[in-house]
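A quick write-up on the structure given underneath.
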């Protein structure tokens with residue numbers, strides 16, 4: 014089940030403002046798996062399912078030098094969303 018439009022907007026705004034190096038693919042926001050990316054570095058998948066905690070997984074890393082940053086950002090995004098965005 015997808016989350017409400019209001020929560021989608023909150024999540025999008027939160028990621029855009031808190032993680033300014035991460036962009037959200039707006040087309041993916043209509044699905045339960047959003048695509049996030051740091052252009053030229055790595056891409057992440059954000060799992061957005063009503064009733065479950067947010068989770069983020071690293072999907073692709075352009076170069077090994079970005080691997081550690083990708084993992085850190087994935088963990089930071091998931092933790093920040095779960096701490097700051099509440100939905101039922």
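Numbering (the working numbering), first residue to last: 14 to 101.
Beta carbons: idealized from backbone N, C-alpha and C, even for Gly.
These figures come from a predicted structure and were not determined experimentally.
Whole-Å CB distance - residue 76 paired with residue 52, under 8 Å assumed
Here residue 76 corresponds to residue number 63 of the chain shown, with the count starting at 1. Here residue 52 corresponds to residue number 39 of the chain shown, with the count starting at 1. Not quite, the Cβ-Cβ distance comes to about 13 Å (not below 8 Å), so this is no contact.
Is residue 50 closer than 8 Å to residue 60 when the C-beta atoms are compared?
Walking along the chain shown from the start, residue 60 turns up at place 47. Walking along the chain shown from the start, residue 50 turns up at place 37. No. Outside cutoff.
In three-state terms, what does DSSP make of residue 54?
On the chain shown, position 41 is the one that residue 54 refers to. The answer is coil: DSSP assigns residue 54 none of H, G, I, E or B.
Where the beta strand (DSSP E) through residue 68 begins and ends
Taking the first residue of the chain shown as 1, we reach residue 68 at position 55. From DSSP, the beta strand (DSSP E) with residue 68 extends over 68 to 74.
Mind the definition here: the stretch 18 to 31 touches the stretch 71 to 86 only if three or more C-beta pairs lie below 8 Å; say whether that holds.
no
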